[in-house]
Amino acid sequence: MDEVWSLHGGLNQSVFVTYVKVRVPKSSKKIIIMASVLSSLGVVVILVVSLLCKRLFLDKTEEEDDDDDLLLDAAEGLPSRFSYRKVHDITRGFERQLGKGGYGVVYAGQLPDGTPVAVKKLDSFNQGNKEFKAEVSIMGGISHYNLLRLRGFCAQKGHRILVYDYLENGSLDQWLFSVDPHRRAQLTWRVRCKIALGIAQGIAYLHNGTRERIIHLDIKPQNILLDQNFEPKVADFGLARLLKNSETHVMTAMRGTPGYLAPDWLKNGVIDEKCDVFSFGMLLMEIISGRKNLDNSKEPKEQVYYPEWAFQQAQEDNMAVLTDATLDSEEDITEIRRMIHIAFLCVLEDPTMRPSMTNVVNMLTGIVTVQCLELSRLQHGLLFVLRNPSSTGTHIGEILQDQVRSGTSVDHSSSAAAYMSSFMVNGR
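According to UniProt numbering, the stretch in the sequence shown is residues 1 to 428, in order.
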């Protein structure tokens, strides 16, 4: 086949046109055609392989998502389910970060009706998926004034996101342990008592107010959020476990926070409601004192570990020194004594000797009041907390026998009945 090219030019103002005839060999043409075809086929093959690989990856991800979706869809009373696009819009592209925890980052958001929310985006699918499912399934079906409300969630293409009510005052630790004394002073004694009672009421609801008992397993200041009126909300149910009514306890791996873990969980891997009672007792000491239970910066050194130091002071009835120094001595000595006694009762080493959270609420409200205990007789039952294994004294079980009033029936299968009959009297 011939190809004809035309050249246009000018010479001495005259226009000329020259035609050049080029003959392309047939063999060269075939090579060009074959190269073009092979190149096109190569591109097609690469595209097909890429699409197949992507499809396989997506199928696997969607299969995992479908399994989780089935679990979530099977749960009753779930909160609203958001698409990832909706969550992206709510947070304006995850614009403002509020904080970061062990399993994810929390962002500020706003619902279409103007309601502020806190959006927790889990770090990775594998790391936080178990905690995500626990939180959604547990929080979706319960509601209480002192529990943080879960408004919705997102489970789409590996994204795991939780949408909560936004609480203006953040977490309790930001106030209790603030280096600013004026900030700590805003937690007056009255406010601290209110916070302690609210936390106890929230935990008591988890233990007794739901169809299946819920064990939180991570009660600590960081997981207590405060609204604008300093009303507390128990939050973060990622480690929570359900107990059926037929179960007295379950075995589980230890995963909580050091300093708040019950000795029975540490020793045996066994959990029940009394694990939360222990954690609450340790938290209550921090609410009273306005400091961490273990603080190596404290002077004198006797004050480094608060529970042990507080026990010594309480034995001498030196109650005024146990509270936060930033308070204006508004606290009542009788109330301090009652609060610290409740804290010690909650952290007894033997879980059967700890009060239930319902009884803790009754003690905090005054429905049932704590007897004036001779704390030295409790010492053996507090060895785990007081770090004093060499101490000697009467075992707490013997105290129960000594202090039961005549005519009082004690059912030792019920720790609450035995304990309350020994250490508390009504209407006092």
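Even for Gly, the Cβ is constructed at its ideal location relative to N, Cα and C.
Pair every Cβ in the segment 131-145 with every Cβ in the segment 186-193, then say whether three or more of these pairs are closer than 8 Å. The segment 186-193 and the segment 131-145 do not touch, with fewer than three beta-carbon pairs separated by less than 8 Å.
Please report how far the alpha carbon of A174 lies from the alpha carbon of Q222, in whole angstroms. On the sequence shown, position 174 is the one that residue 174 refers to. On the sequence shown, position 222 is the one that residue 222 refers to. The residue asked about is misnamed: residue 174 is Gln in this sequence, not Ala. For the pair Q174 and Q222, the Cα-to-Cα distance works out to about 8 Å.
Where does F379 fall in DSSP's three states? In the sequence shown, counting from the first residue as 1, residue 379 sits at position 379. Per the sequence presented here, residue 379 reads as Gln, with Phe not at that position. DSSP places Q379 in helix when its eight states are reduced to three.
Any idea what DSSP makes of P263, helix, strand or coil? The residue you call residue 263 lines up with position 263 of the sequence shown. Judged by DSSP in its simplified three-state form, P263 adopts helix.
Rounded separation between residue 431 and N318 - CA only: Summary: the structure shown does not reach residue 431, with the chain confined to residues 1 through 428, and so no result is reported for it.
What alpha helix (DSSP H) runs, 4 residues minimum, are completely inside the segment 186-212? Every unbroken stretch of the alpha helix (DSSP H) spanning 4 or more residues and falling wholly within the segment 186-212 is given here in chain order: 189-208.
Under three-state DSSP, which class holds I219? Against the sequence shown, residue 219 aligns to sequence position 219. DSSP, reduced to helix, strand and coil, places I219 outside both helices and strands of the structure shown, so it counts as coil.
What do you get for A314, buried or exposed, if any count of 16 or more other CB atoms within 10 angstroms of its CB means buried? Here residue 314 is taken as the residue at index 314 of the sequence shown, counted from 1. When all chains shown are included, A314 counts as buried.
Could you tell me which residues DSSP pairs with Q97 in its beta bridges? In the sequence shown, the residue the question calls residue 97 occupies position 97. Q97 is bridged by DSSP to Y107.
Drop a sphere of 10 angstroms on the beta-carbon of K267, count the other beta-carbons inside from all chains shown, and report buried for 16 or more, exposed for fewer. Along the sequence shown, one-based indexing puts residue 267 at 267. By the 10 Å Cβ count, K267 comes out exposed.
Examine chain C for any beta-carbon lying closer than 7 Å to the beta-carbon of K100, and answer yes or no. You won't find chain C in this structure, because it holds only one protein chain.
Rounded to the nearest angstrom, what separates L386 and M285 at their Cα positions? Here residue 386 is taken as the residue at index 386 of the sequence shown, counted from 1. Here residue 285 is taken as the residue at index 285 of the sequence shown, counted from 1. Those two C-alpha atoms are separated by around 13 Å.
Could you give the C-beta distance for Y84 and H159, rounded to a whole number, given that I count them as a contact under 8 Å? Here residue 84 is taken as the residue at index 84 of the sequence shown, counted from 1. Here residue 159 is taken as the residue at index 159 of the sequence shown, counted from 1. Indeed they touch by this definition, with Cβ atoms about 5 Å apart.
For the structure I just gave you, are there three or more beta carbon pairs, one from the segment 290-298 and one from the segment 349-356, closer than 8 Å? Because the criterion of three Cβ pairs below 8 Å is not met, the segment 290-298 and the segment 349-356 do not touch.
List the endpoints of the continuous alpha helix (DSSP H) containing A343. Residue numbering aside, residue 343 sits at position 343 when the sequence shown is read from its first letter. For A343, the uninterrupted alpha helix (DSSP H) segment begins and ends at 333-346.
Considering only DSSP beta bridges, list what F153 is partnered with. Here residue 153 refers to the residue found at position 153 of the sequence shown. By DSSP's assignment, F153 forms a beta bridge with R81, L162.
Using DSSP's beta-bridge definition, name the partner residues of R241. Taking the first residue of the sequence shown as position 1, residue 241 is located at position 241. According to DSSP, R241 bridges with I215.
What separation, rounded to the nearest whole angstrom, lies between the Cα atoms of N146 and L378? Start at 1 with the first residue of the sequence shown, and residue 146 comes out as number 146. Start at 1 with the first residue of the sequence shown, and residue 378 comes out as number 378. So the two alpha carbons sit approximately 31 Å from each other.
I214 versus L41, I224, L242, residue with shortest Cα-Cα distance: By 1-based counting over the sequence shown, the position of residue 214 is 214. I214 has its Cα closest to that of L242, out of L41, I224, L242.
Contact check, D276 vs V270, beta carbons under 7 Å: Here residue 276 corresponds to residue number 276 of the sequence shown, with the count starting at 1. Here residue 270 corresponds to residue number 270 of the sequence shown, with the count starting at 1. The beta carbons of D276 and V270 sit no closer together than 7 Å.
Can you tell me where the alpha helix (DSSP H) holding residue 432 begins and where it ends? With the chain covering 1 to 428 only, the question about residue 432 has no answer from this structure.
Any idea what DSSP makes of S178, helix, strand or coil? Working through the sequence shown from its first residue, we reach residue 178 at position 178. For S178, the three-state secondary structure derived from DSSP is coil.
Rounded C-beta distance between L148 and K233? I'm assuming under 8 Å. For the purposes of this step, residue 148 is taken as the residue at position 148 of the sequence shown. For the purposes of this step, residue 233 is taken as the residue at position 233 of the sequence shown. Their Cβ separation, rounded to whole angstroms, is 4 Å, which keeps L148 and K233 in contact under 8 Å.
Considering only the alpha carbon of each residue, which of Y103, L150, G109 lies closest to H88? In the sequence shown, counting from the first residue as 1, residue 88 sits at position 88. The candidate whose alpha carbon is nearest that of H88 is G109.
Extent of the continuous beta strand (DSSP E) to which T369 belongs: Sequence index remark: in the sequence shown, residue 369 carries index 369 (1-based). Its beta strand (DSSP E) spans residues 368-370.
Provide the residue span of the alpha helix (DSSP H) that contains P307, from first to last. Sequence index remark: in the sequence shown, residue 307 carries index 307 (1-based). Its alpha helix (DSSP H) spans residues 306-315.
With DSSP run on the structure shown, which of helix, strand or coil describes P351? To locate residue 351, count along the sequence shown from 1; it is residue 351. Reduced to three states, the DSSP call for P351 is helix.
Where do the N-terminal and C-terminal ends of the beta strand (DSSP E) with V119 fall, by residue? As a first step, residue 119 is located in the sequence shown; it is residue number 119 there, counting from the start. 116-122 is the span of the beta strand (DSSP E), which, as asked, contains V119.
Going by DSSP, what residues sit across from K233 in a beta bridge? Position 233 of the sequence shown, counted from the start, is the residue given in the question as residue 233. Answer is L225, bridged to K233.
Three-state class that DSSP yields for D328 in the structure shown: Here residue 328 refers to the residue found at position 328 of the sequence shown. In the structure shown, D328 adopts coil according to DSSP, grouped into three states.
When DSSP labels each residue in this structure, what does S171 get in the three-state scheme? Within the sequence shown, residue 171 is the residue found at index 171, counting from 1. Looking at S171 - three-state DSSP - the assignment turns out to be strand.
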